[in-house]
Each structure stands twice: as structure tokens, then as C-alpha cells.
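**Q** One structure, pasted below without further comment.
In C-alpha cells form, the structure reads like this:
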């Protein structure tokens, strides 16, 4: 889903906060390298709300958000236009990216860590007939 809470042509007027101190760096083809990096001192640090300026940094990364895949964890808060979108999830990752050159919206995808089968230190995504998996993401909206 792409989100634009102001209805404007771009994402100016939005702030983003992500509850993550680590993210997954990617290679030139946007595939996770297998590293888990600290967000501190990088353009990927959204631990406190900051203005979202799409097009100034290559946002196409997964943030390490939930550790307990049974309980909902607040992953992020997107604010703009007097609306606040809070995303809660049981997934271990929250991926953000924009819609390309137009920068009209921010995509938010709560998911398992991409390329997990090739990175054994990532949380497992293996499922089977005797081990059903249920994951939940909630989108909560409120006027500010």
C-alpha cells in the first residue's frame, strides 16, 4: 500500500518514525546483503519523528521491528495532514519505499526478512503442515 496522508502531490508535510535501531542494507539490485546495520548516523535513522523527503535518500529497505512474532509491536508512525497512521505488526520486518520519480506516496509492507532462506541468522520463514503461521498487521488512524 502506498500512503499519502495530505493528499498533496508529494510527501512534503509528512513525518515518519520507525521503531527500529537496525535495518537490512541492500546491494545494487536491492537484495539484502545479509548484514544487519545500525541506523545511527545514517539517513535511515527514523527512531525519532523526522520530515520525510522522498528522493533525497534511496529508501528501499527493511527495518528490524518485531522480535516476538506473537505480540503486536508498534513498527512505525506516519503523520501528515492532521492524520496519524500507526502500524503495528507481528512481522520481524517493516519495509518502506517510494513510488519512484513522482515521490507521491510511501509504501509500507510488514513482512518477514527478505532473502531469509539465504541468511540463516535471519528469523526463519519456514512453515509446514504441522506448524501453521499467523502474522498480523494493524493500521490505526487518528486525527491529530
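Residue numbers (the working numbering): 1 to 144.
Glycine is no exception: its CB is placed at the ideal position from the N, C-alpha and C atoms.
Name the one or two DSSP bridge partners that residue 48 has.
**A** According to DSSP, which records beta bridges pairwise, residue 48 is partnered with nothing at all.
**Q** Could you round the C-beta distance between residue 84 and residue 47 to whole angstroms and report it? I think they count as a contact, below 8 Å.
**A** Not confirmed; about 17 Å, so no contact.
**Q** Report the rounded CA-to-CA distance for residue 3 versus residue 93, giving the unit in angstroms.
**A** Cα to Cα, residue 3 sits roughly 18 Å from residue 93.
**Q** Could you pull out every unbroken beta strand (DSSP E) segment of at least 3 residues lying fully inside the region 9-35, listed in chain order?
**A** Runs of the beta strand (DSSP E) inside the region 9-35: 14-18, 22-24.
**Q** Give the straight-line distance between the Cα atoms of residue 24 and residue 120, rounded to the nearest whole angstrom.
**A** Spanning the two alpha carbons is a distance of roughly 14 Å.
**Q** How many whole angstroms separate the CB atoms of residue 36 and residue 61, which I take to be in contact at a CB cut-off of 8 Å?
**A** Not really, about 11 Å apart at Cβ, beyond 8 Å.
**Q** Comparing C-alpha positions only, which one of 68, 67, 110, 101 sits nearest to residue 86?
**A** The option with the nearest alpha carbon to residue 86 is 110.
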